[in-house]
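In this note's numbering, the protein residues as written are 72 to 418. This report concerns only the one structure given below.
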């Protein structure tokens, strides 16, 4: 007969192997602060390498003798770069905001006018609404065209944000009002605009096709790899070229979007930048109503070897977080699921 099961011992073993719970309030903030101060001293006086080595050894000791540590592939639900480490903004915030508002208005007006002429033709407004500042900063301060012997940057735009790209091009004089009136009717005799980025339909405007089946992220990865190939073999100077990929959080559920995520880290493609627009909403509802898509994506990208920078909260939150001495606000930010964040913003 098999030996009788010692249920009590099994429960003790299970409890011992449960990850430590850090969600509760700190029972001894003074002791915790002493540890933090000691680490700060180590970091400042001895250096980052030594501090990282000691943390690694502590982690090993904890794995051997203590309960399993929780996953370390995610960071707190806060901005990665603290306010005191941020650079001064290089542009005129007021002027850029004014231009951004005009572009957003034109994007919305274009979609509305197109649907009045052809009811049901569709078009996306909220995608660009959530992405406009990211694109605005990119256009004004980062994206570079091919000039002076440089091959320039390649940008894979989030496809559903195309109304905003058209609206900005109209403001720059690159598109006519008649073309905007024919949004999603590019075959009109007087010209029009395609629904999404596609060089076959608009070869003088779009460089890469996106939207369909997660093609943007996948092609962006291999574009960055091909740029590195060209440079290393002396075929083309792409040393200053960056590949920018704008992708929505709902789009990351498409297999092709995340299918080659380990390749850039393996090939050390520091010429590739993904910008994931986490507005928490996909076409058919919340992306993760009962979870946190930002944390999930951070763990996936960091686990694949990427450097992840999170930008979640605007500067108006900085004074509140600075005065959160007991960490209750930070704790609550990490607890609330995306569905509730959407409810808060709607109400």
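We put the CB at the ideal spot given by N, CA and C, even for glycine.
- The C-beta distance from residue 235 to residue 178 rounds to 5 Å, short enough to meet the 8 Å contact threshold.
- CA-CA distance, residue 413 to residue 358, rounds to 11 Å.
- Residue 407 and residue 366 have their C-alpha atoms spaced approximately 12 Å apart.
- The Cβ atoms of residue 327 and residue 284 sit closer than 7 Å to each other.
- When 263, 258, 256 and 231 are compared, the shortest CA-CA separation from residue 245 is found for 263.
- According to DSSP, residue 412 shares a beta bridge with no other residue.
- Note on residue 308: under 16 other CB atoms within 10 angstroms of its CB, so exposed under the neighbour-count rule.
- A distance below 6 Å between beta-carbons, with the five flanking residues on each side excluded, links residue 273 to the following residues of its chain, in chain order: 265.
- The alpha-carbon separation between residue 249 and residue 261 amounts to approximately 7 Å.
- Going by DSSP, residue 343 is part of the beta strand (DSSP E) stretching over 343–348.
- Residue 160 sits exposed, since fewer than 16 C-beta atoms from the chains shown fall within 10 Å of its C-beta.
- Classified as exposed, residue 411 has fewer than 16 neighbouring CB atoms from the shown chains inside 10 Å of its CB.
- In this structure residue 318 is buried. Its beta-carbon is surrounded by 16 or more other beta-carbon atoms within 10 angstroms.
- If you draw a straight line from the Cα of residue 147 to the Cα of residue 401, it is about 8 Å long.
- Taken atom to atom, the span from the alpha-carbon of residue 335 to that of residue 373 is near 12 Å.
- The three-state reading of DSSP puts residue 264 in strand, counting E and B together.
- One thing to note: residue 348 has its Cβ no nearer than 7 Å to the Cβ of residue 197.
- Within 10 angstroms of the beta-carbon of residue 174 lie 16 or more other beta-carbons, which makes it buried.
- As for any alpha helix (DSSP H) of minimum length 4 sitting wholly inside the segment 183–239, the runs are 197–212, ordered along the chain.
- Partner residues in a beta bridge of residue 377, as assigned by DSSP, do not exist.
- Taking C-alpha positions only, residue 224 is separated from residue 176 by approximately 28 Å.
- By the neighbour-count criterion, in which 16 or more other beta carbons inside 10 Å mark a residue as buried, residue 294 falls on the buried side.
- Between residue 345 and residue 316, the gap from beta carbon to beta carbon is short of 7 Å.
- Apart from the 5 residues on each side of it in sequence, residue 145 sits with its Cβ closer than 8 Å to the Cβ of 366, 369, 370 and 373 in its chain, given in chain order.
- For residue 305, there is no enclosing beta strand (DSSP E), as DSSP marks it with neither H nor E.
- In the DSSP assignment, residue 106 falls within the alpha helix (DSSP H) that extends over 100–112.
- A direct Cα-to-Cα measurement between residue 325 and residue 354 gives close to 13 Å.
- Linking residue 313 to residue 217 through their CA atoms gives a straight-line distance of about 11 Å.
- With 16 or more other Cβ atoms from the protein chains shown falling within 10 Å of its own Cβ, residue 363 counts as buried.
- Annotation for residue 124: the continuous alpha helix (DSSP H) segment containing it runs 119–136.
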